[in-house]
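Structure record follows, encoded as structure tokens.
There are 2 protein chains.
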Amino acid sequence: SSEPNHDSLSSLTLDTQSLQNQIDELATFSDSPPPSVTRVLYTDKDVAARRYIKNLMGLAGLSVREDTIGNIFGRWDGYEPELAAVGTGSHIDAIPYSGKYDGVVGVLGAIEAINVLKKAGFKPKRSLEVIMFTSEEPTRFGISCLGSRLIAGSDTLEKALKNTYDSQNVSFSDAAKSAGYVRDNDDLSGVLLKYGTYSGFVELHIEQGPILEAEGIPIGIVTAIAAPASIKVDFEGEGGHAGAALMPNRNDAGLAAAELALALERHVLESGSIDTVGTVGILDLHPRAVNSIPSKAHVEIDTRDINETRRNIVVEKIHQSAVEIAKKRKVRLSGFEIVNQDPPALADKKVIEAMEASSRELNLDYKLMVSRAYHDSLFMARVSPMGMIFIPCYKGYSHKPEEYAAPKDLANGVKVLALTLAKLSVS
Amino acid sequence: SSEPNHDSLSSLTLDTQSLQNQIDELATFSDSPPPSVTRVLYTDKDVAARRYIKNLMGLAGLSVREDTIGNIFGRWDGYEPELAAVGTGSHIDAIPYSGKYDGVVGVLGAIEAINVLKKAGFKPKRSLEVIMFTSEEPTRFGISCLGSRLIAGSDTLEKALKNTYDSQNVSFSDAAKSAGYVRDNDDLSGVLLKYGTYSGFVELHIEQGPILEAEGIPIGIVTAIAAPASIKVDFEGEGGHAGAALMPNRNDAGLAAAELALALERHVLESGSIDTVGTVGILDLHPRAVNSIPSKAHVEIDTRDINETRRNIVVEKIHQSAVEIAKKRKVRLSGFEIVNQDPPALADKKVIEAMEASSRELNLDYKLMVSRAYHDSLFMARVSPMGMIFIPCYKGYSHKPEEYAAPKDLANGVKVLALTLAKLSVS
Ligand SMILES: [Mn+2]
Ligand SMILES: [Mn+2]
Ligand SMILES: [Mn+2]
Ligand SMILES: [Mn+2]
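In order, the protein sequence lines correspond to chains A and B.
For what it's worth, the numbering used here labels the leading residue of the first sequence as 1, then goes sequentially.
For what it's worth, the numbering used here labels the leading residue of the second sequence as 1001, then goes sequentially.
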């Protein structure tokens, strides 16, 4: 039979040590010292890490292809290869000074899930495809989920990328070329995958929140992904000498930025829901000298909610505050750009059922939950039925070096993923 | 007679065009595009600019020496060379994205004053010495007036420099070596100049404030220099994922920094005096990613007053605020360093009289005033009777590209400086 042998799968000792070694080894491709990880799109470290992933895909017997922006696909052909495939995957880019599990678990774990299925003698009906998405993190070009957004199709983004530069003034296309991608005249529309390419998509990820660990539940099954919005704000004042310019004559762009950061916090708390969050992660002053009044300030804001309307109210209030603060402080609001304001995504009922059934068969307790962080699955949901598997992580920590998931939890997540892929492959 | 010929000096057409050309040419030694100037201690551009100054000193017939940290001295021997010399000078380093007049006017203007005196046939009794001070600006190592502080003598600073690094982790000593200064085993105490080395010191500088321009007065004579204090503050929180960490669980170091910046402004305004100023010119977030809660924030504060007590009250209030904000936001106040808290300096009565007499003889209206910005003269006052000559600058702008002084005002300043040096030389 082509059905997976559930008993052997659940009893199978998955190679947890090897998976852990891979996670540790991948963490060494970093531009910051351990235990932190910094791996930014199209840098040398990113290119080396991509090579590492492609090599592991090859060792797992997958056939590897890359699209023009560097999404990497490793395919295990099913015995009915003309059917829509089942996809799984995540990202391996890491924001500055972060940890080694975010995204990585969903890429290395997916390859290990393939190994588990192969060792169990499973033969897929629909092909199984492991995807490593390009730049889930917005670090370099300010665009989150770059690879999955383009897979889902975005004319606006394709156009914007022709005029997108990093903070060092390197264009997106030059950066991509330096990593071996996006050749001249390359049409980014080739990255798009039609609805129907995948019959289902499942992403394994650490929870990035404290719930599973606190409640002692090994598996989270995601029913919805919260809706993120990100905003860039720029203020411009007069600047000047910190000693000589008297206070009434000042229009300090830095103080405008400081006020906006505190206003954001206020607006988020005013929502009254624990699910509304907002962060100023970037606040740059110019000229950035102790004895110079900031003439420019650049603020980047991230706000999210599981309720899109409530989140959009926060975005609107931030805009009002930016206008009012600029007026009060006599600085210019020289920029207010809503970089993205994505709708939330719902997981697919059939995929949820497959994850639930797999957890039950493996005797793993699970919890239906919401993802507050966004993921490539947010965009894969536009082209495929989607689901996500969460595993507990230490104190809910993420995006910092202390990020950690226990080997036991990693193993449980990979097993649920393997079994879910098997079920979706034959359905 | 060795007395300067006042009539010829005041009627002499000083080479304003040549001075302006030098100012423009020096501005091209910059690490940022024109009209901005960025010239940071011991960088290639700084080294090239130093070469330019030494060359001009040589052309003016001065004998040039440098001390071990790069203060540059150009000497015109008097006919009684054993007498204490008369000093004049300023700095040529420029904070990032600033202008071309701050400091530069007092170095190029001093060399031009020497040329003026020579052309007038003047022979100095006391030697005249033009000084280009090393790093008046605190840009690279956070220490303002580095050269003049060491000339005035500071054991604490000499020791601290052995453990001082820039933001790229380059040590002071490695940076100095790369520019050809501070050889192994060099004793920085050799930079110190005894009280009595100079019988007087005069610095020509743009006002960096709006008063002279607004009142249409060509010359400011400084009676006192305001007392600056600078402070570095560090907050540390937990950091984490901007989507997943809920608001009540956060301890956001960035918001603590934003609150402190606004608290500083409040404390300064509470002083009730127009002379109290305070600035947050640097506010760095870590890890500086849009989707990461700041785990660390670094703030650099500059506060000044012509009244030292009032300024110290602001410093004390900032400390209280930092402690309270850290407590309230459950972040750690991991650093609170008062980098310097210098006393104000008074100009010397005899030097003031020489500047007043020179202005009168040149038929230039003048105003006695306070310097709100600090200058190398603040430290030269510790080893020499000191005075400063201000000239008007456009809108009082400084530390930004729009900084400007009219050729006529430059010429007036140089003439007053030349005549003041002549008077001090023979007194
Ligand atoms: Mn992430
Ligand atoms: Mn992730
Ligand atoms: Mn300055
Ligand atoms: Mn200056």
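Beta carbons: idealized from backbone N, C-alpha and C, even for Gly.
Contact list for residue i against chain B, beta-carbon separation under 8 Å
i: Arg311/A; result: Neighbours of Arg311/A on chain B: none; closest Cβ ~11 Å, over 8 Å.
i: Gln17/A; result: Going along chain B, no residue has its Cβ under 8 Å from Gln17/A, so there is no contact; the nearest lies around 28 Å.
i: Arg304/A; result: Ala1242 and Gly1243
Ligand 2 heavy atom lying under 8 Å from the CB of residue i
i: Ser1135/B; result: no
i: Gly190/A; result: no
i: Asp102/A; result: yes
Heavy atom of ligand 3 within 8 Å of residue i beta-carbon
i: Asn1340/B; result: no
i: Ser1098/B; result: yes
Check: residue i C-beta below 8 Å from any heavy atom of ligand 4
i: Ala1226/B; result: no
i: Ala1373/B; result: yes
i: His1091/B; result: yes
i: His1267/B; result: no
i: His1205/B; result: yes
Residue i, enclosing alpha helix (DSSP H) - first and last residue
i: Gln20/A; result: Thr16 to Ala27
i: His1267/B; result: Ala1253 to Glu1270
i: Ile1293/B; result: No alpha helix (DSSP H) holds Ile1293/B; DSSP gives it neither H nor E.
i: Glu1356/B; result: Lys1349 to Glu1361
i: Gly109/A; result: Val104 to Lys119
i: Ser144/A; result: First-last for Ser144/A: undefined, no H or E at that position.
i: Ser334/A; result: Run containing Ser334/A: none in the alpha helix (DSSP H); it sits in the beta strand (DSSP E), Arg332 to Gln341.
i: Pro1407/B; result: Pro1407 to Val1426
Outcome for residue i when other beta-carbon atoms lying within 10 angstroms are tallied against a minimum of 16
i: Ile1274/B; result: exposed
i: Pro1004/B; result: Model confidence at Pro1004/B stands at a pLDDT of 49, short of 50, so the residue's coordinates are unreliable and nothing is read from them.
i: Leu59/A; result: exposed
i: Leu117/A; result: buried
i: Leu421/A; result: buried
i: Thr1028/B; result: exposed
i: Arg1360/B; result: exposed
i: Glu82/A; result: exposed
i: Leu1269/B; result: exposed
i: Glu1080/B; result: exposed
i: Gly1087/B; result: buried
i: Ala1405/B; result: buried
i: Ala48/A; result: exposed
Cross-chain neighbours of residue i in chain A, by beta carbon under 7 Å
i: Ile1111/B; result: Ordered by position in chain A, no residue passes the 7 Å Cβ test against Ile1111/B, which lies about 24 Å from the chain.
i: Gly1209/B; result: Ala244
Ligand 1 heavy atom lying under 8 Å from the CB of residue i
i: Ile95/A; result: yes
i: Ser398/A; result: yes
i: His1241/B; result: yes
i: Asn1169/B; result: no
i: Asn185/A; result: no
i: Asn312/A; result: no
i: Asn291/A; result: no
Residue i, enclosing beta strand (DSSP E) - first and last residue
i: Lys1232/B; result: Ala1227 to Glu1236
i: His91/A; result: Ala85 to His91
i: Pro279/A; result: Sequence check: residue 279/A is Thr here, not Pro. Per DSSP, Thr279/A belongs to the beta strand (DSSP E) from Val277 to His286.
i: Glu203/A; result: Tyr198 to Ile206
i: Val1383/B; result: Element bounds for Val1383/B: n/a, residue is neither H nor E.
i: Gly1074/B; result: Ile1072 to Trp1076
Closer than 7 Å at the beta carbon, the chain C residues around residue i
i: Lys328/A; result: Among the protein chains of the structure shown, namely A and B, there is no chain C.
Per-residue contacts from residue i into chain B (C-beta, under 7 Å)
i: Leu283/A; result: Gly1254, Leu1283 and Leu1285
i: Ser230/A; result: Val1290
i: Thr279/A; result: Ala1242 and Ile1293
Contact set between residue i and chain A, taken where Cβ atoms lie within less than 8 Å
i: His1399/B; result: Gly239, Gly240, His241, Ala242, Pro287, Ala289, Asn291, Ser292 and Ile293
Interface partners of residue i on chain A, CB under 9 Å
i: Tyr1374/B; result: Gly243 and Asn291
Beta-carbon neighbours of residue i, restricted to chain B and to distances below 9 Å
i: Glu308/A; result: The premise fails here: Glu308/A is roughly 14 Å from chain B at the closest Cβ pair, so nothing lies under 9 Å.
i: Pro34/A; result: The contacting residues do not exist; Pro34/A stays about 15 Å from chain B at best.
Practice item. May I ask you to verify whether the region 1189–1204 of chain B touches the region 1142–1161 of chain B, counting CB pairs closer than 8 Å and requiring at least 3? Key: yes
Review point. Within the chosen definition, does the region 302–311 of chain A reach the region 1312–1329 of chain B through at least 3 CB pairs nearer than 8 Å?
Key: no
Check your understanding: On the three-pair Cβ rule with 8 Å, is the region 20–39 of chain A touching the region 93–110 of chain A?
Key -> yes
Review point. Do the region 1199–1208 of chain B and the region 212–230 of chain A meet, that is, are 3 or more Cβ pairs less than 8 Å apart?
Key: no
**Study point:** Segment contact, 8 Å Cβ cut-off, at least three pairs: the region 252–270 of chain A with the region 1245–1257 of chain B
**Key:** yes
Review point. Can we say the region 114–133 of chain A touches the region 353–371 of chain A, given the rule of at least three CB pairs closer than 8 Å?
Key: no
Check your understanding: Does the count of Cβ pairs from the region 1397–1409 of chain B and the region 1226–1233 of chain B closer than 8 Å reach three?
Key -> no
Point to revise | Cβ pair count under 8 Å reaching 3, the region 366–381 of chain A against the region 134–149 of chain A | key: yes
Review point. Taking one C-beta from the region 181–189 of chain A and one from the region 335–344 of chain A each time, how about it: are there three or more such pairs within less than 8 Å?
Key: no
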